[in-house]
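**Student:** Have a look at this one.
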Ligand code: HEM
Ligand SMILES: [Cu+2]
């Protein structure tokens, strides 16, 4: 029953999954990094980072996001299609809602 | 019929693909609640505002949720290796951490409520409770799924070969965690810096 | 069928049960039966929505009439709008997608058959839930857009709207996921994206639109409902809330929604036109990408519904331009349909007539749409009957014409019989006449200032406007006659229609290649696809002058040899659980409307228990990933 490979266009993704899942040790290492990053985030509450605070928080958030999605959700090892779905949804959300909020602001400034 | 992954067009498991498709749409769901929250962050109607947050407390529960992703992925890993006993252990651990997070949220909401942050108090209050609450509802559904997974694997209904089931529940769980990564920063930490 | 004969070997191992009767429909997970359920339910709601609009037109036939009270009028236009949009056009498209997608891509069912049943039951219960409001203190009366803060006030009864649409949204979201996975992952071997029938492309685009648009309105409805029932403060100006937020959220969903309604019809027309022009679809790739572009840009124009609301000049300009831009891919589509017909050997069957009707009426509606996008014009037209004329030209003249075209086209596929062409043509011409008579004059009366959503036609607008309104109301009578003929034709032809054979239209796509009506498992042998319009290429070779020459029966063996996958056919089991599970949404819904925690609790427990029953239900042929052979080794 090997009819699946017949589509050259789609077959690229084929067999992309299943392969190399990280080992438990690697997972633990990732979790440790995540823990450190979270500690760093929380530290902005206790220490004054000045103007750097908000950008730092955003960068940390993005890194954590990518790490969880990439390793725990296997985006790095799975077919690219899954990542495309996720980032399409995320992209749509960011663009649409930013635009909406901007409309409120632009309006308020008149 | 749901076919075995290797006889599908793209060589992907239908259920996994379906879960990813669904998760893509969830961003739009949480994004809308978040826009409302950002829009109303200062609209407190003379009630409590963001100063009410207890950052240390929320940090701890956020941390617990984050670490539950680790146990989730370990559960899946055990299932992959056919080690159902370990898998069940990690699943229970994950569900347990989820419940700790939920307990934390219930406690947090109760405290806020006592301090005058009522759903009907202000647009800020409504949008905060909705945003955090709907995330909590997602966690609760996740806990139910995990407990289901646990009991079905106990009865032998979920077999060692069916790791996709653990995997898709894991995907959902990690997604809910990821959303909290965003919410923790955007709802709690950044506003706190702004003051 | 020449292409089928080799394959009867698979029969012996088919699932034995092919039950009939009421329960078999409740438990069905067969995409074809679910499609049929959708279809009949749609017809019922279409009738109800039609009655509501007739009441409105009767009331507006002359100035200053008082046939129905303003309260009733408000309920009528609200329920009419909700019904036509959410209970007729959208599920009508779902009926087609359900029935046809697996057949068109060469699959045996959708990816998640039980989830498919779940979608149908959610739709049905959502509709019943909405209509039950008539017996529970009055239907919603705050219009289909449900603008806050009016809609959060108890007088507008919009709690039913908020919860009802939420239920329907779940249905749509579930089928969107289902169709996306089906199309991406369950195509027959060789069915590449660029070989898919255009209908499948449009289904894919529509599903993605639903996927990203439904969650947005879900949020808006949650907020609205909590404002209305639990005193939340999202849209209450008294505490600083901003009703404009509701408008944004609604239209962030609402504009993609109009493409959700029109794209399926465009898909149908793109199948009907090539068949009856005996030519391939002109500009296939352009058609597919224009559809995707429409869907994509469709997310970026929502604020054109808010030009007269609180948005500043910069957004106004930006959204006006973006809106006009959508006319480009839309224009591409229209020209491609025209070029498909150009030079073809056209057969004006009823299906074809409705498709031509679609293109022409939709073009009119599209043009008045461009007019709306011009901001100063918009200020003049907003909330007048000009807008009512516009959206009926795209929804009725567009979506509904296309969908009806599909009914005539695929009726023989479903029933094995043809609908009467004579009655069909009568239906078409009276439908076209009645439609234009009803909605054409609304352009004029709107420009002369007749306000929309107003229960009495104001006398001071003058006799010209009155005449236009009388014409509109007379048009409804024509439409009613026409619709009755359609219904008669539909019912009669099931028994007395001419037998159609397997391929009555000399069609191009593979759903016509299998038995008519199709067997439960659709194809005995899953065909291997080697070309766009596969079926056509199996039937005809081209002569030197590009004129199709029929291939003698049995001569296309080269295909047959490669058709794969006979052996074991695993069809989804019937299951009662989707229906049982979704029924729990009724107590939950009423609980939410009446803030009754007991009902909410019952509903939640019911639904969770339902899911549980669903999951542990034994599958007759083993589990999905453990039928027999596949073990831990696969991963
Ligand atoms: C059967 C023939 C139909 C007639 C006679 C008809 C007539 C009307 C009338 C008189 C109104 C009220 C206008 C107002 O007071 O503002 C209306 C509104 C509306 N109609 Fe139809 N209509 C028909 C079919 C359809 C169809 C097929 C659709 C397709 C989706 C549709 C969608 C709507 C919508 C969305 C509204 C707006 C409701 C609102 O203002 O909230 N109608 N129609
Ligand atoms: Cu629009």
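Protein chains in written order, with the working numbering: chain A, 2 to 111; chain B, 4 to 198; chain C, -11 to 623. From the three backbone atoms N, C-alpha and C, an ideal C-beta is built for every residue, glycine too.
Using the rule of at least 16 other Cβ atoms within 10 Å of the residue's Cβ for burial, across every protein chain shown, is residue 529 of chain C buried or exposed?
**Tutor:** Exposed: under 16 other Cβ atoms inside 10 Å.
**Student:** Say yes only if the C-beta of residue 380 of chain C is nearer than 8 Å to one or more non-hydrogen atoms of ligand 2, and no if none qualify.
**Tutor:** Answer for residue 380 of chain C: no, Cβ out of range of ligand 2.
**Student:** With respect to 8 Å, is the separation between the Cβ of residue 386 of chain C and the closest non-hydrogen atom of ligand 2 below this value?
**Tutor:** Result no, Cβ not under 8 Å from ligand 2.
**Student:** Are the C-beta atoms of residue 175 of chain C and some chain B residue less than 9 Å apart?
**Tutor:** yes
**Student:** Tell me whether residue 480 of chain C sits in a helix, a strand or coil according to DSSP, three-state version.
**Tutor:** Here residue 480 of chain C sits in helix by DSSP.
**Student:** Any beta-carbon of chain C closer than 9 Å to the one on residue 120 of chain B?
**Tutor:** Closer than 9 Å: no.
**Student:** Pull up the distance between the alpha-carbon of residue 524 of chain C and that of residue 395 of chain C, whole angstroms please.
**Tutor:** 21 Å
**Student:** May I ask you to report which of helix, strand or coil DSSP gives residue 506 of chain C?
**Tutor:** coil
**Student:** Compute every distance between the C-beta of residue 239 of chain C and the non-hydrogen atoms of ligand 2, then say whether any falls below 8 Å.
**Tutor:** yes
**Student:** Output yes if chain F places a C-beta closer than 9 Å to the C-beta of residue 95 of chain A; else output no.
**Tutor:** No chain F is part of this structure, whose protein chains are labelled A, B and C.
**Student:** Pull up the DSSP beta-bridge partners for residue 439 of chain C, would you.
**Tutor:** C:372
**Student:** Assuming contact is defined by CB atoms lying nearer than 9 Å, are residue 347 of chain C and residue 54 of chain C in contact in what I supplied?
**Tutor:** no
**Student:** Listed in chain order, which residues of the stretch 217 to 230 of chain C have Cβ atoms closer than 8 Å to some Cβ of chain B?
**Tutor:** Here the close residues are 218, 219, 220, 221, 222, 224, 227, 228, 229, 230.
**Student:** Just how far apart, CA to CA, sit residue 89 of chain A and residue 403 of chain C?
**Tutor:** Residue 89 of chain A and residue 403 of chain C: Cα-Cα distance of roughly 41 Å.
**Student:** Which runs of the alpha helix (DSSP H) fall wholly inside the stretch 263 to 313 of chain C and span at least 4 residues, in chain order?
**Tutor:** 272 to 285
**Student:** Is residue 546 of chain C close to chain B? Criterion is C-beta to C-beta, closer than 9 Å.
**Tutor:** Since pLDDT at residue 546 of chain C reaches only 42, below the 50 mark, its modelled position is unreliable, and no value is offered.
**Student:** Let me check you understand the geometry: is the CB of residue 419 of chain C closer than 8 Å to at least one non-hydrogen atom of ligand 2?
**Tutor:** no
**Student:** Taking any Cβ of chain C, which residues in the stretch 14 to 27 of chain B have a Cβ under 7 Å from it, in chain order?
**Tutor:** 15, 17, 20, 21, 24, 25, 27
**Student:** Which of the three DSSP states is assigned to residue 486 of chain C in this structure?
**Tutor:** coil
**Student:** From residue 168 of chain B to residue 196 of chain C, what does the alpha carbon distance come to, in whole angstroms?
**Tutor:** 25 Å
**Student:** By DSSP's criteria, residue 405 of chain C is part of a beta bridge. Which residues make up the other side?
**Tutor:** C:487
**Student:** Can you grab the Cα-Cα spacing for the pair residue 98 of chain A / residue 167 of chain C, in whole Å?
**Tutor:** 27 Å
**Student:** Residues of chain B with CB under 7 Å from residue 181 of chain C, in chain order?
**Tutor:** The premise fails here: residue 181 of chain C is roughly 10 Å from chain B at the closest Cβ pair, so nothing lies under 7 Å.
**Student:** Does the Cβ of residue 57 of chain B have 16 or more other Cβ atoms within 10 Å, making it buried, or fewer, making it exposed?
**Tutor:** exposed
**Student:** Return yes when at least one heavy atom of ligand 2 lies under 8 Å from the C-beta of residue 292 of chain C, else no.
**Tutor:** Yes, ligand 2 has a heavy atom inside 8 Å of this Cβ.
**Student:** Could you give the first and the last residue of the continuous alpha helix (DSSP H) run that contains residue 62 of chain C?
**Tutor:** 58 to 70
**Student:** Taking 8 Å as the cut-off, is the C-beta of residue 243 of chain C nearer than that to any heavy atom in ligand 2?
**Tutor:** Indeed, a heavy atom of ligand 2 lies less than 8 Å from the Cβ.
**Student:** Rounded to the nearest angstrom, what separates residue 487 of chain C and residue 171 of chain B at their Cα positions?
**Tutor:** 48 Å
**Student:** Which ranges does the alpha helix (DSSP H) cover as unbroken runs of at least 4 residues, wholly within the stretch 93 to 145 of chain C, from first to last along the chain?
**Tutor:** 101 to 120
**Student:** On the three-state DSSP scale, how would you describe residue 383 of chain C?
**Tutor:** Looking at residue 383 of chain C - three-state DSSP - the assignment turns out to be helix.
**Student:** Just tell me which of C:11, C:14, C:20 has its CA closest to the CA of residue 499 of chain C.
**Tutor:** C:20
**Student:** Quick check on residue 547 of chain C: does DSSP put it in helix, strand or coil?
**Tutor:** The predicted model places residue 547 of chain C with a pLDDT of 43, which falls under 50 and marks its position as unreliable; any figure quoted below should be read in that light. Three-state DSSP puts residue 547 of chain C in a helix.
**Student:** Is residue 508 of chain C near ligand 2, in the sense that its beta carbon is under 8 Å from a heavy atom of that ligand?
**Tutor:** no
**Student:** I'd like the span of the alpha helix (DSSP H) that includes residue 388 of chain C, first residue to last.
**Tutor:** Segment: none, residue 388 of chain C is in no alpha helix (DSSP H) and carries neither H nor E.
**Student:** Just to make sure I have the definition right: I need the residues of chain B whose C-beta is within less than 8 Å of the C-beta of residue 604 of chain C. Which are they?
**Tutor:** Those are 155, 160, listed as they occur along chain B.
**Student:** Residues of chain C with CB closer than 8 Å to the CB of residue 29 of chain B, please, in chain order.
**Tutor:** 203
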